[in-house]
Every structure is written in structure tokens, then in C-alpha cells.
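**Q** In UniProt numbering, the protein residues as written are 1 to 376.
Even glycine gets a Cβ: it sits at the ideal position worked out from N, Cα and C.
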């Protein structure tokens with residue numbers, strides 16, 4: 001797998017060889033100078049150069065290339081696939097990013113939704129043109145250096161007309177689109193890792209706690225203190241995940257435990273609720289575990305997942321990026337209600353666990369078809 005070096009430990013645990021690509025995403029996002037919107041064109045150009053330089057030699061001899069993530073990196077990887085004659089599949093993790101004339105696109109990062117245009121096709125085209133303006137020249141310059149023609153339709157080239165949607169159809173259903181999208185279900189790797197001894201001891205020492213986590217993304221100012229005070233107001237203990245934002249409790253009281261990365265599949269089945277930002281992976285994990293949730297969305301796909309959690313009745317979408325003790329306590333009142341837990345358990349039973357197997361079969365079929373074509 002070609003991925004940032006941050007993935008090394010988890011891939012080693014899974015027995016998957018890593019080809020490190022680029023620099024640490026954690027250092028880039030949470031370093032002394034996090035990137036600003038003005039940095040985006042430069043970062044896109046760097047991503048294109050990095051992918052072409054490092055993925056091209058690694059992809060020699062591969063049968064299929066499966067890509068997800070930022071579009072600038074994806075179009076570079078598809079250029080590698082094109083150069084080597086390898087089938088390419090793009091994977092979405094959230095349906096709102098699938099281009100469609102039937103609903104508007106999410107606004108580009110850092111921008112507000114457009115209010116001057118209501119035609120969805122125009123809005124998608126505007127985003128497509130914006131992508132070309134940011135990194136089209138950098139892409140085509142690198143493509144020319146390896147003997148490939150220029151690309152002018154960034155979305156069509158990067159996403160293709162038959163992408164995969166690796167999201168659960170109950171939690172994140174595919175919406176109407178003109179593309180031939182294959183919704184495989186979420187890609188869930190069984191996690192057999194035991195919980196650390198200190199986590200087991202904490203869980204055994206009292207009633208189920210509330211877990212707080214903001215993962216690899218940014219966390220609201222004073223998030224740990226606010227969350228802990230709101231949870232304590234409900235009489236619950238707390239487990240706080242440090243995450244990449246480095247969350248830490250404001251005191252050393254015994255009702256709060258701070259942890260690093262732990263097995264979500266085990267932990268989430270043993271907590272009273274989970275407070276999180278709403279990225280695709282953690283929302284799926286919490287939903288699958290049947291735990292009620294409070295989603296405090298910060299960016300990208302997180303507002304969508306917050307909305308779906310509320311629509312399904314399995315938790316609460318917090319209104320706004322920065323919670324207060326009062327607003328989070330109010331959200332927890334609903335999330336910790338017996339009827340919310342009952343609904344969460346019911347929905348958990350409908351979440352598919354075979355998405356990765358479905359995708360693997362499709363990819364093997366793609367590889368076999370490409371092999372037959374090469375021999376004919």
C-alpha cells in the first residue's frame with residue numbers, strides 16, 4: 001500500500017507492506033504552521049509530483065490501482081495507471097462528493113455554499129473548473145514529462161464514470177447520479193487487538209463511560225474540558241482519546257482516562273455514548289457498535305454524517321463547530337436517553353460488514369478482465 005508514513009504501524013499490524021509516500025500528514029496538519037487556504041495550490045502541486053515520483057516505480061507489475069483521498073493525488077495516480085496500462089478505480093467514502101446534476105456539491109474547503117447559483121450542473125462545473133485552476137497546469141506539466149497528453153476535465157479523469165462508494169447504504173445511501181457508481185458497503189477490517197490493560201481496568205471499575213474523540217482532524221478550542229464537564233454533569237465517567245489534536249483533561253480526577261489509539265470495534269460496544277467529529281470511519285464504527293453518538297462536525301464530510309446520525313435517530317448533530325458545556329450537555333441528554341440507545345442498537349443490526357469483501361471480488365474480477373484483454 002502506498003500511503004503517508006503515519007500509516008506504518010497499523011499496516012504493519014495488518015501485515016500489509018507500506019510504500020511511504022510524502023511526509024507525515026500529522027506533522028503537516030498539526031505542526032507549528034498548519035496549512036492555510038493560500039497554501040492549497042502549492043500543496044496540490046507537491047502532491048502531484050510526489051505521487052508520480054513515488055507511486056510510479058511502486059506500481060510496476062500491479063494488476064489494479066485503487067485510489068481514494070484528495071483529488072490532486074488521485075489524478076496523479078490515475079496518470080500512473082494510464083502510463084502503465086493498469087486498471088484504475090477511485091473510491092469515495094461519502095456520497096456527497098459523487099458528482100451529480102441532482103444535488104449540489106459541497107463547497108470547496110474554506111468557502112461558503114454558493115448562493116448566487118441554483119443550477120446543480122453549474123455548481124459542479126464551477127468546482128471542476130476550480131480544481132483545474134488550482135492544479136491543472138501542474139498535472140499536465142508532469143504528464144507531459146512522462147509522455148501523456150493533457151487533461152482538462154479533472155473530475156471525470158480522477159473520479160471516472162464507475163467509481164466505488166465505500167459507505168454503508170443505511171448510514172450513507174447513494175443518491176441519484178448519472179455515474180455508474182458501485183456502492184460496496186463500508187470497508188471494515190476486523191480488529192482483533194485487545195484493549196490496553198488500563199482501559200480494561202477502567203471499564204471494569206464502573207458503569208459505561210462516554211468516549212470523546214476528534215481523531216486525526218482539528219478539535220474545537222478547549223474541547224476536552226468542555227466535553228468532560230458536560231459528561232460529568234450527566235454523572236458519567238469519561239474516556240478521552242488524545243488524537244492528533246492532543247486532547248488532554250483539565251485535571252487528574254479518577255473518573256477520566258486519557259488514551260491513545262485503541263480498538264474502536266471493542267471499545268465502542270462498551271461505552272454509554274461517543275462524542276466525535278463525524279468523519280466517515282468513526283461514524284461507521286460507532287453506528288455499527290450500536291452506541292449513541294453526539295457529532296460535533298468540524299469540516300468536509302462531517303456535517304453530512306452529523307445530519308445522517310440525527311435523521312436515523314441514533315444520536316445528535318451538534319449545532320456548530322464549537323460546543324459549550326451547556327450545548328453539549330443538552331445534546332447528551334438526548335443521546336443518553338434510553339430510546340436513543342434502543343434505536344442505535346436497532347440500526348447497528350442493519351449495518352453491513354461485507355463491504356471490503358464485495359469490493360475485493362469486484363477488483364479481482366477487474367484484474368482478471370484486464371489480464372484477458374492483454375492476452376487477446
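Quick one: give me the first and last residue of the beta strand (DSSP E) that residue 315 is part of.
**A** On the chain shown, residue 315 is found 315 positions in, with the first residue counted as 1. Start and end: 315 to 317.
**Q** Which word fits residue 130, buried or exposed, when buried means at least 16 other C-beta atoms lie within 10 angstroms of its C-beta?
**A** Sequence index remark: in the chain shown, residue 130 carries index 130 (1-based). Burial call: exposed.
**Q** Alpha carbon to alpha carbon, how far is residue 196 from residue 53? Give it in angstroms, no decimals.
**A** Against the chain shown, residue 53 aligns to sequence position 53. Against the chain shown, residue 196 aligns to sequence position 196. Rounded to whole angstroms, residue 53 to residue 196 spans 39 Å at the Cα level.
**Q** Taking the straight line between their C-alpha atoms, what separation do you get for residue 294 and residue 190?
**A** If you number the chain shown from 1, residue 294 lands on position 294. If you number the chain shown from 1, residue 190 lands on position 190. Rounded to whole angstroms, residue 294 to residue 190 spans 24 Å at the Cα level.
**Q** Less than 8 Å between the C-beta atoms of residue 227 and residue 138, yes or no?
**A** The count along the chain shown starts at 1 and reaches residue 227 at position 227. The count along the chain shown starts at 1 and reaches residue 138 at position 138. No, Cβ-Cβ distance for residue 227 and residue 138 is not below 8 Å.
**Q** What do you reckon, is the C-beta of residue 117 under 7 Å from a heavy atom of the ligand COA?
**A** The ligand COA is absent from the structure shown, which contains no ligand whatsoever.
**Q** The alpha helix (DSSP H) that contains residue 409, what's its start and end?
**A** The displayed coordinates of the chain run from 1 to 376. Any statement about residue 409 would go beyond what the structure contains.
**Q** Look up residue 293 in the DSSP assignment and say whether it is helix, strand or coil.
**A** Position 293 of the chain shown, counted from the start, is the residue given in the question as residue 293. Residue 293: strand per DSSP, three-state reduction.
**Q** What does a CB cutoff of less than 8 Å around residue 318 pick up in its chain, not counting 5 residues either side in sequence?
**A** Numbered from its first residue, the chain shown carries residue 318 at position 318. If we look at residue 318 and ignore the five residues flanking it on each side, its Cβ neighbours are 294, 295, 296, 297, 306, 327, 328, 331.
**Q** Can you tell which of 241, 116, 21, 77 has its C-alpha closest to the C-alpha of residue 256?
**A** Within the chain shown, numbered from 1, the residue matching residue 256 stands at position 256. Comparing Cα positions, the closest option is 241.
**Q** Starting from the C-beta of residue 51, find all residues in its chain whose C-beta is less than 6 Å away, skip the five residues before and the five after it, and write them out in chain order.
**A** The sequence position of residue 51 within the chain shown is 51, counting from 1. So the qualifying residues of the chain are 73, 76, 77.
**Q** What span of residues does the alpha helix (DSSP H) with residue 146 cover, start to end?
**A** Taking the chain shown and counting its residues from 1, the one referred to as residue 146 is at position 146. Element bounds for residue 146: n/a, residue is neither H nor E.
**Q** Taking only three categories from DSSP, how would you classify residue 65?
**A** Residue mapping note: residue 65 aligns to position 65 of the chain shown, counting from 1. Three-state DSSP puts residue 65 in a strand.
**Q** Who does residue 274 pair with in a DSSP beta bridge?
**A** For the purposes of this step, residue 274 is taken as residue 274 along the chain shown, with counting starting at 1. Answer is 211, 293.
**Q** Decide yes or no for the touch test of the stretch 309 to 318 against the stretch 142 to 152: beta carbon pairs closer than 8 Å, at least 3 of them.
**A** The stretch 309 to 318, when compared against the stretch 142 to 152, does not touch it at the 8 Å Cβ threshold.
**Q** Span of the alpha helix (DSSP H) holding residue 304?
**A** Counting from one through the chain shown, the residue named residue 304 turns up at place 304. Its alpha helix (DSSP H) spans residues 302 to 312.
**Q** Indicate the three-state DSSP secondary structure (helix, strand or coil) for residue 133 in the structure shown.
**A** Taking the chain shown and counting its residues from 1, one reaches residue 133 at position 133. Residue state, collapsed to three classes: helix.
**Q** Taking 8 Å as the threshold, find out whether the stretch 265 to 274 comes into contact with the stretch 162 to 171 through three or more Cβ pairs.
**A** No, the stretch 265 to 274 does not touch the stretch 162 to 171.
**Q** Quick test of the definition: if touching needs 3 or more C-beta pairs under 8 Å, does the stretch 243 to 260 touch the stretch 212 to 227?
**A** At 8 Å Cβ cutoff, the stretches touch.
**Q** Taking 8 Å as the threshold (C-beta atoms), are residue 268 and residue 285 in contact?
**A** Counting from one through the chain shown, the residue named residue 285 turns up at place 285. Counting from one through the chain shown, the residue named residue 268 turns up at place 268. The answer is yes: Cβ separation under 8 Å.
**Q** What three-state label does DSSP hand residue 106 in the structure shown?
**A** Here residue 106 corresponds to residue number 106 of the chain shown, with the count starting at 1. The answer is coil: DSSP assigns residue 106 none of H, G, I, E or B.
**Q** Can you tell me which of 192, 119, 37 puts its alpha carbon nearest to the alpha carbon of residue 263?
**A** By one-based count along the chain shown, residue 263 stands at place 263. Nearest C-alpha to residue 263: 192.
**Q** Would you check if the distance between the CB atom of residue 81 and the CB atom of residue 2 is smaller than 8 Å?
**A** Position 81 of the chain shown, counting from 1, holds the residue named residue 81. Position 2 of the chain shown, counting from 1, holds the residue named residue 2. Not a contact, by the Cβ cut-off of 8 Å.
**Q** So which of 15, 364, 214 has the shortest CA-CA distance to residue 247?
**A** Against the chain shown, residue 247 aligns to sequence position 247. The shortest C-alpha separation from residue 247 is found at 214.
**Q** Who does residue 239 pair with in a DSSP beta bridge?
**A** For the purposes of this step, residue 239 is taken as the residue at position 239 of the chain shown. In the DSSP output, where bridge partners are listed per residue, residue 239 has 211, 257.
**Q** With a threshold of 16 other CB atoms inside 10 Å of the CB of residue 184, please say whether the residue is buried or exposed.
**A** Here residue 184 corresponds to residue number 184 of the chain shown, with the count starting at 1. Buried: at least 16 other Cβ atoms inside 10 Å.
**Q** When you compare the stretch 107 to 124 with the stretch 58 to 67, are there three or more beta-carbon pairs, one atom per stretch, that lie closer than 8 Å?
**A** Judged by Cβ distances under 8 Å, the stretch 107 to 124 makes no contact with the stretch 58 to 67, as fewer than three pairs qualify.
**Q** Kindly give me the distance between the Cβ atoms of residue 301 and residue 86, rounded to whole angstroms, as I take these residues to be in contact under 8 Å.
**A** Counted from its first residue, the chain shown places residue 301 at position 301. Counted from its first residue, the chain shown places residue 86 at position 86. Not a contact, Cβ separation roughly 28 Å.
**Q** Tell me, to the nearest whole angstrom, how far the beta carbon of residue 355 is from that of residue 166; I am working on the premise that it is less than 8 Å.
**A** Translated into the one-based positions of the chain shown, residue 355 becomes position 355. Translated into the one-based positions of the chain shown, residue 166 becomes position 166. Yes, they are in contact, since the Cβ atoms of residue 355 and residue 166 sit about 6 Å apart, within 8 Å.
**Q** Within the continuous alpha helix (DSSP H) that includes residue 268, where are the two ends?
**A** Position 268 of the chain shown, counting from 1, holds the residue named residue 268. Premise fails: residue 268 is in no alpha helix (DSSP H) and is neither H nor E.
**Q** Taking the alpha carbon of residue 253 as the point to measure from, which residue in 278, 225, 261, 200 has its own alpha carbon closest?
**A** Along the chain shown, one-based indexing puts residue 253 at 253. Minimum Cα distance to residue 253 is reached at 225.
**Q** Quick test of your reading: residue 99 and residue 155, contact by CB under 8 Å. State the CB separation rounded to the nearest angstrom.
**A** Along the chain shown, read from residue 1 onward, the residue named residue 99 stands at position 99. Along the chain shown, read from residue 1 onward, the residue named residue 155 stands at position 155. That belief holds up - the Cβ atoms of residue 99 and residue 155 are roughly 6 Å apart, short of 8 Å.
**Q** What does the Cβ neighbour count give for residue 320, buried or exposed, with the cut at 16 atoms within 10 Å?
**A** Taking the first residue of the chain shown as position 1, residue 320 is located at position 320. With fewer than 16 other Cβ atoms within 10 Å, it is exposed.
**Q** In terms of residues, what are the limits of the alpha helix (DSSP H) holding residue 347?
**A** For this step, residue 347 is matched to residue 347 along the chain shown. Here the alpha helix (DSSP H) through residue 347 covers 338 to 348.
**Q** Just reading off the beta strand (DSSP E) that residue 75 is part of, what are its end residues?
**A** For this step, residue 75 is matched to residue 75 along the chain shown. Counting along the chain, residue 75 falls outside any beta strand (DSSP E), though it belongs to the alpha helix (DSSP H) covering 71 to 84.
**Q** How long is the line joining the alpha carbons of residue 92 and residue 69, rounded to whole angstroms?
**A** Within the chain shown, residue 92 is the residue found at index 92, counting from 1. Within the chain shown, residue 69 is the residue found at index 69, counting from 1. Going by the C-alpha atoms only, they are around 8 Å apart.
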